Amino acid sequence: MATVLIVDDAKFMRMTLANMLKNTDHVVVGEAENGREAVELFDQLHPDIVTMDITMPEMNGLDATKQILKRHPKAKIIVCSAMSVQKTVMEAIEAGAKDFIVKPFDESRVVEAISRVLS
1 MATVLIVDDA
11 KFMRMTLANM
21 LKNTDHVVVG
31 EAENGREAVE
41 LFDQLHPDIV
51 TMDITMPEMN
61 GLDATKQILK
71 RHPKAKIIVC
81 SAMSVQKTVM
91 EAIEAGAKDF
101 IVKPFDESRV
111 VEAISRVLS
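Each residue of the sequence shown is one higher than the one before, counting from 1 in the UniProt record's numbering.
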């Protein structure tokens, strides 16, 4: 069983991801609506995996990913974004993301990405 932190500024997207994970062995332990919150919650919760949106207020997902990985080098982060342009995907991977999921979410792709990153 893996613990998951969902980070997205849109409540609907957090709900969508949480609902997809309800049918798996994974447990959502926290939700953040911006990058700053994500960093704070990661420090408190130490989840097994993070789903991270890119475009958010206060701190974007790429900066949050870098901060979390600076403090916790073994953190596993999957970036989720509607921006699937090559440059964005490369920036996410360079920041340390283990995978990239394009919105709108495909449930099987989400579950598969989480399983792959955890193994």
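Every residue, glycine too, gets a C-beta built ideally from N, C-alpha and C.
Please read these numbers as outputs of a predicted model, since none were measured by experiment.
Within the model, the alpha-carbon separation for Asp63 versus Val111 is close to 25 Å. Judged by DSSP in its simplified three-state form, Glu31 adopts strand.
Within the model, the alpha-carbon separation for Leu41 versus Gly30 is close to 7 Å.
Considering only Lys22, Ile6, Asn19, Met13, the residue with the shortest C-alpha distance to Glu37 is Ile6.
In this structure, Glu33 sits near Asp9, with a CB-CB distance shorter than 7 Å.
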